[in-house]
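Everything on this sheet refers to the single structure shown next.
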Amino acid sequence: MSGQTILEFKQTNDMVSAHYRGGSIVDGYLIGTLDSAGTSLRFCYVQIDLHGNVDAGVSTATISHLQDGRVRLEESFQWLTRPGRGNNVFEEIRDTGDVS
Numbered sequence: 001m002s003g004q005t006i007l008e009f010k011q012t013n014d015m016v017s018a019h020y021r022g023g024s025i026v027d028g029y030l031i032g033t034l035d036s037a038g039t040s041l042r043f044c045y046v047q048i049d050l051h052g053n054v055d056a057g058v059s060t061a062t063i064s065h066l067q068d069g070r071v072r073l074e075e076s077f078q079w080l081t082r083p084g085r086g087n088n089v090f091e092e093i094r095d096t097g098d099v100s
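Counting in the UniProt record's numbering, the sequence shown runs from 1 upward without gaps.
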């Protein structure tokens, strides 16, 4: 993932899903569950990159809120289809309504 990757989240009760793309990711999906306190998310993800590689993994994320009220996720991930693990930080982007 990169700063060009945009995720669109949906939540129904404790189930959370997202569609994402951008940067080197052509298409990606994740699905998981929110803990009862609403502060932690566990999920699985699958994605395809610009070279046609399909990869999958598992993640946990801590949920917090920025001072302006936007949501922030701090993710720790582990690939299942290739070696590697790492961390990402996601911050909510608010729609400004600007269509220019």
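Don't be surprised by glycine CBs; every beta carbon is placed ideally from N, CA and C. None of these values were measured; they are calculated from a predicted model.
Taking the alpha carbon of residue i as the reference point, which residue from the options has its own alpha carbon closest?
i: residue 15; options: 44, 78 and 27; result: 44
i: residue 48; options: 19, 37 and 35; result: 19
i: residue 57; options: 10, 24, 92 and 28; result: 28
i: residue 69; options: 91, 7, 81 and 85; result: 91
i: residue 31; options: 85, 11, 25 and 66; result: 11
i: residue 51; options: 2, 24, 81 and 82; result: 24
Using a C-beta cutoff of 8 Å, does residue i count as contacting chain B?
i: residue 14; result: The structure shown contains no chain B; it holds only a single protein chain.
What residue range is occupied by the uninterrupted beta strand (DSSP E) comprising residue i?
i: residue 93; result: Looking at the DSSP string, residue 93 is not in any beta strand (DSSP E), and its letter there is neither H nor E.
i: residue 17; result: 15 to 22
i: residue 11; result: 6 to 12
i: residue 32; result: 25 to 34
Based on DSSP bridge pairs, tell me the residues matched to residue i.
i: residue 86; result: 77
i: residue 72; result: 64 and 91
query: Quick one: complete beta strand (DSSP E) runs, 3+ long, within the region 37 to 61?
result: Counting only runs of 3 or more, we get 40 to 49.
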